[in-house]
Amino acid sequence: DLRPWMRSRSECGTRIALPVALAHGQPLTFREWRPGARLAHGLWRIPYPADGMEVTPTVVLAPVVGFDPQGYRLGYGGGFFDRTLAVLSPRPLVIGLGYSCTAIKTIFPQPHDIPMDWIVTGTLPAYRGASSRMAVSSQPGWV
Numbered sequence: 017d018l019r020p021w022m023r024s025r026s027e028c029g030t031r032i033a034l035p036v037a038l039a040h041g042q043p044l045t046f047r048e049w050r051p052g053a054r055l056a057h058g059l060w061r062i063p064y065p066a067d068g069m070e071v072t073p074t075v076v077l078a079p080v081v082g083f084d085p086q087g088y089r090l091g092y093g094g095g096f097f098d099r100t101l102a103v104l105s106p107r108p109l110v111i112g113l114g115y116s117c118t119a120i121k122t123i124f125p126q127p128h129d130i131p132m133d134w135i136v137t138g139t140l141p142a143y144r145g146a147s148s149r150m151a152v153s154s155q156p157g158w159v
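In terms of this note's numbering, the sequence shown opens at residue 17 and continues consecutively.
Below, the structure is given as structure tokens:
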């Protein structure tokens with residue numbers, strides 16, 4: 017549950033956005049979130065900011081159900097993050113969030129799979145994927 021972290025980061029001035037999934041087979045969009053924002057529900061009743069401005073993130077946190085040493089992830093099977101990352105320009109820094117016990121030798125990545133730049137598990141040090149890079153921007157970013 018990242019809500020306490022999101023709230024504390026927002027109070028420190030970090031701009032936060034949440035993903036919006038409204039249709040199967042479509043990329044995610046992202047809307048600005050602030051503590052106390054009115055939420056609507058998208059696919060699978062996932063909440064998103066009802067009135068937030070649409071933004072392009074510079075950092076994306078993605079759920080990880082499983083991951084491999086090359087930084088590829090297994091998600092929840094909808095392809096939303098891969099589809100979204102394929103169309104975002106410039107591509108944001110992508111950080112997968114999961115558990116160390118879900119590390120596997122390979123996920124057998126497909127051509128559409130996009131590796132994470134970093135994977136954070138909470139018990140192991142942050143793992144940097146094989147294709148890792150650091151995003152550099154002079155503009156304030158969205159998380």
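Glycine residues also receive a C-beta, built at the ideal position from the N, C-alpha and C atoms.
{"Asked": "Are the CB atoms of Y88 and S129 within a distance shorter than 9 Å?", "Found": "Position check: residue 129 holds Asp in this sequence, whereas Ser was assumed. In contact: D129 and Y88 (Cβ atoms closer than 9 Å)."}
{"Asked": "Candidates Y64, Q42, A56, G58: which alpha carbon is nearest A33's?", "Found": "Y64"}
{"Asked": "Could you give the residue range of the alpha helix (DSSP H) that holds A119?", "Found": "No alpha helix (DSSP H) contains A119, which DSSP labels as neither H nor E."}
{"Asked": "Hey, L55 and V76: beta-carbon distance below 9 Å or not?", "Found": "no"}
{"Asked": "Just the C-alpha distance for A53 and A66, rounded to the nearest angstrom, thanks.", "Found": "8 Å"}
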